[in-house]
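Visitor: Take this structure, written in structure tokens, and hold onto it; I'll ask about it next.
Numbering (the UniProt record's numbering), first residue to last: 1 to 477.
Structural data, given as structure tokens:
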């Protein structure tokens, strides 16, 4: 693993070129934000805090780098490092984290009052937000957000009477005293180690023998899902498709699109085995499907605020799919996966279109999820993002009933006939009428009258402040 330390040229962080005439002049140094364990012979293991000289960053997601600690050269995941002395390298800086995700992170179990993070402002370009966990008698644990504004001269302030040259100085000041904030800054919020983009450099189509199937997690009509390992060292989920389910050519084509969809509420597609039986390798979510989680897992005890938050996460992921002009086609709780801290991610987006089973493509019989499917999609094959919105309304019923099958007591044919006649599921037991109204809105006959996922996300994220501020937990919800 030797390479020339007198590398002449790198393309840097903002695609600017930096000349390097020797190892010491003009070198752009990056620092590791997280630990990383090498997965192949070509990448580097490193510890948080380790510094690197970047040799080649033209590849995007994996950069060639030299560790200043070990002197070794290899590939590193570019989302695990930041320029030395930059804001990005600060532990308290969370970048493009949204307001709601900041609240999720700060309110997670065990954080004391004053736990904080700084993120990009969602509403004001170039500004930042300081988010702090607070507590009082009325609200209990909650999060307050403060806008950090930039001075034309380059400094920062929350209030004009206290101005700072750097964000680091601002954090130092408010750690020592609250000085008008709800509480002084006590502990930096803990940051989850992110998923790498792909398993390694150039590890997209992988060999079947690089995957080890360890434990079967579930199975459906067309596939099994396994927990497994790639390359003997990386935990993954592996979906194995029954031969004949779909053509390998059309699958590979679709997978190229699917791997470009990157969002923290979508399960990341890592790699594929493209000969039959097709294997789909994704990130592993340790709590399994939302359906099983609600029926038999920890989800049985969840109250409405958690369930609505999970719905908001799914809507957030679907709003991204909506922005990308993509369609899921099979949105239901069985295709949502759950991780630690009630994190939800959408799986199996786009796969349903490729299934070649006659019974399935006829949209009849037991294999097709009629009860989740919008009538125009079930009857005429018109799948759009608006038919996904219909399915989301059904998923909401699954959440509040803890995984009950929709339209209890009705078979597929009855559901199709009744829904065509205007029948809609009544309000589930203990479900607030405002949430049922949202479901009904998702089930409008005219697809164009159904809300957008962007609207659904906002409605659900603000549900307990805007719609149900008087909510009190009951026996079930």
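Virtual Cβ for every residue (Gly too), placed ideally from N, Cα, C.
Only a predicted model underlies this, so the values are computations on that prediction, with no experimental measurement involved.
1. Could you tell me the distance, in whole angstroms, from the CA atom of residue 411 to the CA atom of residue 474?
2. Within 8 Å (strictly less), CB to CB, does residue 415 reach chain B?
3. CB-CB under 8 Å to residue 211, same chain, minus the five flanking residues each way: which ones, in chain order?
4. What residues are listed by DSSP as bridge partners for residue 133?
5. Would you tell me roughly how many angstroms separate the C-alpha atoms of residue 433 and residue 418, rounded to the nearest one?
6. Going by beta carbon distance, what residues of the same chain come within less than 6 Å of residue 329, once the five residues before and after it are set aside?
7. Indicate whether residue 395 and residue 332 have their beta-carbon atoms separated by less than 8 Å.
8. Please determine, among 125, 165, 126 and 182, the residue with the shortest C-alpha to C-alpha distance to residue 145.
9. Considering Cα atoms alone, identify which of 298, 350, 308 and 309 is closest to residue 322.
10. From this set, 462, 264 and 131, which residue's C-alpha is nearest residue 309's C-alpha?
11. For residue 356 and residue 43, what's the separation of their Cα atoms in angstroms?
12. Opposite residue 228 in the DSSP bridges: which residues?
13. Return the chain-ordered list of same chain residues with a C-beta closer than 6 Å to the C-beta of residue 252, the five sequence neighbours on each side being excluded.
14. Between 326, 291 and 189, which lies nearest to residue 262 when the distance is taken from Cα to Cα?
15. Measure the C-alpha to C-alpha separation of residue 318 and residue 208 and round it to an integer number of angstroms.
16. For the beta strand (DSSP E) containing residue 64, name the first residue and the last one.
17. Between 200, 100, 264 and 52, which has its C-alpha nearest residue 234's C-alpha?
18. State yes or no: is the C-beta of residue 442 within less than 8 Å of the C-beta of residue 405?
19. Within a Cβ cutoff of 8 Å, which residues of the same chain sit near residue 476, ignoring the five residues on either side of it in sequence?
20. CB-CB under 6 Å to residue 69, same chain, minus the five flanking residues each way: which ones, in chain order?
21. May I have the straight-line CA-CA distance separating residue 358 from residue 194, to the nearest angstrom?
22. Please classify residue 2 as buried or exposed, where buried requires at least 16 other C-beta atoms within 10 Å of its C-beta.
23. I'd like the list of long-range same chain contacts for residue 151, defined as Cβ closer than 8 Å, with 5 residues on each side in sequence excluded.
24. Tell me where the alpha helix (DSSP H) around residue 28 begins and ends.
25. Please say whether residue 225 and residue 217 have beta carbons closer to each other than 8 Å?
26. Could you give the first and the last residue of the continuous beta strand (DSSP E) run that contains residue 404?
27. Could you tell me the alpha carbon to alpha carbon distance between residue 41 and residue 72, rounded to whole angstroms?
28. Considering only the alpha carbon of each residue, which of 179, 143, 142 and 168 lies closest to residue 160?
29. Would DSSP call residue 468 helix, strand or coil?
30. Using the Cβ count rule (16 or more neighbours within 10 Å means buried), how would you classify residue 91?
31. Output the residue ranges of the beta strand (DSSP E) runs that lie fully inside the UniProt domain "SH2" (92-189) and measure 3 residues or longer, sorted by chain position.
32. By DSSP's criteria, residue 75 is part of a beta bridge. Which residues make up the other side?
33. For the alpha helix (DSSP H) that contains residue 378, what are its first and last residues?
34. When the Cα of residue 47 is compared with those of 53, 37 and 339, which residue comes out closest?
35. DSSP beta-bridge partners for residue 83?
36. Measure the beta-carbon distance from residue 371 to residue 450 and round it to whole angstroms, keeping in mind my assumption that it falls under 8 Å.
Guide: With the given structure in hand:
1. The alpha-carbon separation between residue 411 and residue 474 amounts to approximately 31 Å.
2. This model lacks chain B altogether, as it is built from one protein chain only.
3. These residues qualify, in order along the chain: 228, 229, 230, 236, 238, 273, 279 and 281.
4. Bridge partners of residue 133 according to DSSP: 143.
5. If I take the Cα positions, the gap works out to 22 Å.
6. Only 352, 353 and 383 meet the Cβ criterion.
7. With a cutoff of 8 Å on beta-carbon distance, residue 395 and residue 332 are scored as near each other.
8. Here the closest residue by C-alpha is 182.
9. Closest option to residue 322, Cα to Cα, is 350.
10. Of the candidates 462, 264 and 131, 462 places its Cα closest to the Cα of residue 309.
11. Cα-Cα distance, rounded: 39 Å.
12. Beta-bridge pairing links residue 228 to 213 and 236.
13. Around residue 252: 274.
14. With distances taken between Cα atoms, residue 262 lies closest to 326.
15. For residue 318 and residue 208, the gap between their C-alpha atoms comes out near 31 Å.
16. Following the DSSP letters along the chain, one finds residue 64 inside the beta strand (DSSP E) bounded by residues 62-67.
17. The candidate whose alpha carbon is nearest that of residue 234 is 200.
18. Against a cut-off of 8 Å, the Cβ pair of residue 405 and residue 442 comes out as no contact.
19. Taken in chain order, the residues that qualify are 429 and 430.
20. Excluding residues up to 5 positions away in sequence, 50 lie with their Cβ nearer than 6 Å to the Cβ of residue 69 in the same chain.
21. If you take the alpha carbons of residue 358 and residue 194, they lie about 40 Å apart.
22. Because the pLDDT at residue 2 is just 38, under 50, the model does not fix this residue reliably, and the value given afterwards should be weighed accordingly. Counting other Cβ atoms within 10 Å of its Cβ, residue 2 stays below 16 and is therefore classed as exposed.
23. Only 157 and 163 meet the Cβ criterion.
24. It is not in any alpha helix (DSSP H) - residue 28 carries neither H nor E in the DSSP assignment.
25. Contact flag set, yes.
26. The continuous stretches of beta strand (DSSP E) do not include residue 404, and DSSP gives it neither H nor E.
27. Put simply, the backbone Cα of residue 41 is about 12 Å away from that of residue 72.
28. Of the candidates 179, 143, 142 and 168, the residue whose Cα lies closest to the Cα of residue 160 is 179.
29. Residue 468 falls in the coil class under three-state DSSP.
30. Under this definition residue 91 is an exposed residue.
31. Residue ranges of uninterrupted beta strand (DSSP E) with 3 or more members, entirely inside the UniProt domain "SH2" (92-189) and ordered along the chain, are 116-120, 128-136 and 140-150.
32. Residue 75 pairs with 43 and 64.
33. Where residue 378 is concerned, the enclosing alpha helix (DSSP H) starts and stops at 375-380.
34. Per the Cα distances, 37.
35. Looking at the DSSP assignment, residue 83 forms a beta bridge with 30.
36. Residue 371 to residue 450, Cβ: 17 Å. No contact.
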